[in-house]
Amino acid sequence: ALQGSFASKAHRSSQRPQYHLNPQASYKVAILGAAGGIGQPLALLIKMSPLVSALHLYDIANVKGVAADLSHCNTPSQVLDFTGASELADSLKGVNVVVIPAGVPRKPGMTRDDLFNINANIVKTLVEAVADNCPDAFIHIISNPVNSTVPIAAEVLKQKGVYNPKKLFGVSTLDVVRANTFVAQKKNLKLIDVDVPVVGGHAGITILPLLSKTKPSVSFSDEEVQELTVRIQNAGTEVVEAKAGAGSATLSMAYAAARFVETSLRALDGDDDVYECTFVQSDLTELPFFASRVKLGRNGVEALISSDLQGLTEYEQKALEALKPELKASIEKGIAFAQKQP
Ligand code: NAI
């Protein structure tokens with residue numbers, strides 16, 4: 068039932084035959100940090116997916132109640148709860164997709180990088196367990212700062228000898244969701260039709276919506292480009308300020324993360340027309356990690372879509388060059404953290 072709500076038309080080319088859900092599809096999904104502000108609504112949305120047979124909920128506390136509650140929904144997946152480090156390994160056995168929203172969120176006045184010290188350690192510990200228990204799974208990193216936590220995860224997986232760059236993803240879907248919403252509002256377009264690629268990273272100016280590549284094709288004045296770009300870059304802060312100390316985006320984030328899980332499961336299930344923007348190891352620029360549209364398949368990233376970066380406007384070209392030093396520093400900070408650990 069969720070299928071329709073996440074798949075905007077722009078995700079698929081119209082000429083090809085429609086992919087049909089395999090009724091026997093049965094994938095296992097684990098959420099690490101499942102009792103949190105993102106984890107709970109994300110678990111609910113994934114519980115609604117017809118592609119999921121088992122939903123493993125892991126957190127350091129409060130996850131039993133969440134699982135008991137969700138397990139009463141009459142959808143196919145079985146919900147299992149896992150609490151604390153001693154149950155982490157079991158939560159990951161046999162899992163196809165691991166989603167990691169564990170960690171602390173921002174408060175007003177904080178940047179995503181201010182979360183580094185706490186979240187870097189959490190992501191490191193969790194990814195070590197992923198490496199030991201389900202090294203073949205797709206790994207979706209939500210915990211901020213994504214620009215650093217994804218490089219940390221890559222280093223941890225390398226240290227464990229199981230790094231597969233095609234299966235490690237920083238979740239930047241929310242930037243695309245926001246861009247689509249804001250552009251549709253501004254231009255009076257039907258939301259389902261709008262698709263804006265967002266490249267770079269997932270913090271401040273590293274978030275670069277490529278408005279010139281919006282589908283359907285629309286034209287923007289210079290003022291509109293400036294206003295929309297800044298709004299998309301600061302949308303997270305808009306929510307942090309509105310929540311006034313109670314955290315950052317959770318519901319729209321859960322929606323976006325569920326869309327990316329659904330996309331990944333469709334790819335695993337053999338749909339060969341699956342694209343998402345995500346922060347991955349990349350050779351599209353001189354930076355080792357970069358968010359761009361990618362084609363997903365059974366084995367993860369099948370191709371990085373380079374065409375979005377061709378024929379940029381002068382504004383986009385400048386913004387791309389301007390974001391590189393900050394993104395590079397965040398990537399290097401993550402790598403240095405992971406390499407100095409014993
Ligand atoms: P929250 O504080 O409501 O929930 C975090 C959960 O993580 C809590 O249930 C906590 O018990 C759990 N946790 C803490 N340490 C853990 C560990 N070692 N193992 C397992 N679970 C652990 O926070 P919220 O709002 O859910 O945000 C989570 C993260 O997602 C933050 O880092 C936030 O910055 C990030 N985020 C990322 C976005 C993106 O677009 N990628 C958007 C919004 C938030």
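Positions in the sequence shown are counted from 1; adding 67 to them yields UniProt numbering. Note that beta-carbon positions come from the ideal geometry of N, C-alpha and C, so glycine has one too.
Closer than 7 Å: residue i CB and nearest the ligand NAI heavy atom
{"i": "Y382", "result": "no"}
{"i": "residue 420", "result": "The structure shown does not extend to residue 420, since the chain is modelled only from 68 through 409, so no value can be given for it."}
{"i": "S315", "result": "yes"}
{"i": "H269", "result": "yes"}
{"i": "T192", "result": "yes"}
{"i": "residue 45", "result": "The chain is shown only over 68 to 409; residue 45 falls outside these bounds and no answer can be derived."}
{"i": "G364", "result": "no"}
{"i": "D375", "result": "no"}
{"i": "A128", "result": "yes"}
{"i": "A164", "result": "The sequence given here has Val at residue 164, not Ala. Answer for V164: no, Cβ out of range of the ligand NAI."}
{"i": "A134", "result": "no"}
{"i": "V213", "result": "yes"}
{"i": "M320", "result": "yes"}
{"i": "P202", "result": "no"}
{"i": "N186", "result": "yes"}
{"i": "V238", "result": "yes"}
{"i": "P264", "result": "no"}
{"i": "Y342", "result": "no"}
{"i": "A156", "result": "no"}
{"i": "I299", "result": "no"}
{"i": "L99", "result": "yes"}
{"i": "S210", "result": "yes"}
{"i": "L111", "result": "no"}
{"i": "Y125", "result": "yes"}
{"i": "P168", "result": "yes"}
{"i": "L379", "result": "no"}
Neighbourhood of residue i by C-beta, 7 Å cutoff - its chain only, sequence neighbours within 5 removed
{"i": "L394", "result": "N214, G267, G268, T273 and L354"}
{"i": "Y230", "result": "A221 and L224"}
{"i": "T216", "result": "N186, A187, V190, I208, S210 and G401"}
{"i": "A246", "result": "V263, V265, P276 and I299"}
{"i": "Y382", "result": "V292"}
{"i": "T380", "result": "S279"}
{"i": "S331", "result": "V164, F205 and L363"}
Nonlocal neighbours in the same chain, by C-beta distance under 6 Å from residue i, ignoring five residues either side
{"i": "P108", "result": "L318 and A321"}
{"i": "V194", "result": "A220 and V223"}
{"i": "V146", "result": "L122, A134, L137 and S138"}
{"i": "T150", "result": "V130"}
{"i": "G173", "result": "First, the residue type needs correcting, since residue 173 is Arg and not Gly in the sequence shown. Closer than 6 Å at Cβ, skipping near neighbours: V307 and S315."}
Residue i - partner residues in DSSP beta bridges
{"i": "L363", "result": "V341 and V368"}
{"i": "P276", "result": "V265"}
{"i": "F357", "result": "V347"}
{"i": "H123", "result": "A97 and L147"}
{"i": "I167", "result": "I208"}
{"i": "K282", "result": "D262"}
Straight-line Cα distance separating residue j from residue i
{"i": "K95", "j": "K114", "result": "11 Å"}
{"i": "S210", "j": "I189", "result": "9 Å"}
{"i": "A102", "j": "L111", "result": "11 Å"}
{"i": "K160", "j": "N200", "result": "6 Å"}
{"i": "F287", "j": "T281", "result": "10 Å"}
{"i": "S116", "j": "S93", "result": "10 Å"}
{"i": "D289", "j": "K385", "result": "14 Å"}
{"i": "G228", "j": "K234", "result": "14 Å"}
{"i": "A405", "j": "K391", "result": "21 Å"}
{"i": "P264", "j": "P168", "result": "23 Å"}
{"i": "E305", "j": "L376", "result": "28 Å"}
{"i": "L99", "j": "L124", "result": "7 Å"}
{"i": "R365", "j": "R333", "result": "9 Å"}
{"i": "A196", "j": "S153", "result": "11 Å"}
{"i": "V171", "j": "P212", "result": "10 Å"}
{"i": "L351", "j": "D203", "result": "25 Å"}
{"i": "G132", "j": "T142", "result": "18 Å"}
{"i": "V164", "j": "A324", "result": "12 Å"}
{"i": "T178", "j": "G314", "result": "12 Å"}
{"i": "K362", "j": "G106", "result": "26 Å"}
{"i": "A311", "j": "K253", "result": "26 Å"}
{"i": "N389", "j": "N255", "result": "Here residue 389 turns out to be Ala, not Asn, going by the sequence shown. When rounded, the distance between both Cα atoms is 30 Å."}
{"i": "A156", "j": "P283", "result": "45 Å"}
{"i": "residue 450", "j": "V285", "result": "Residue 450 is absent from the structure shown; the chain starts at 68 and stops at 409."}
Residues of its chain near residue i, where Cβ-Cβ distance is below 8 Å and the 5 sequence neighbours each way are ignored
{"i": "F327", "result": "H207, F236, V238, T240, E343 and T345"}
{"i": "K257", "result": "A251"}
For the segment 199–259, which segments carrying the alpha helix (DSSP H) assignment without a break, of at least 4 residues, lie completely within its bounds, in sequence order? 213–226 and 240–254
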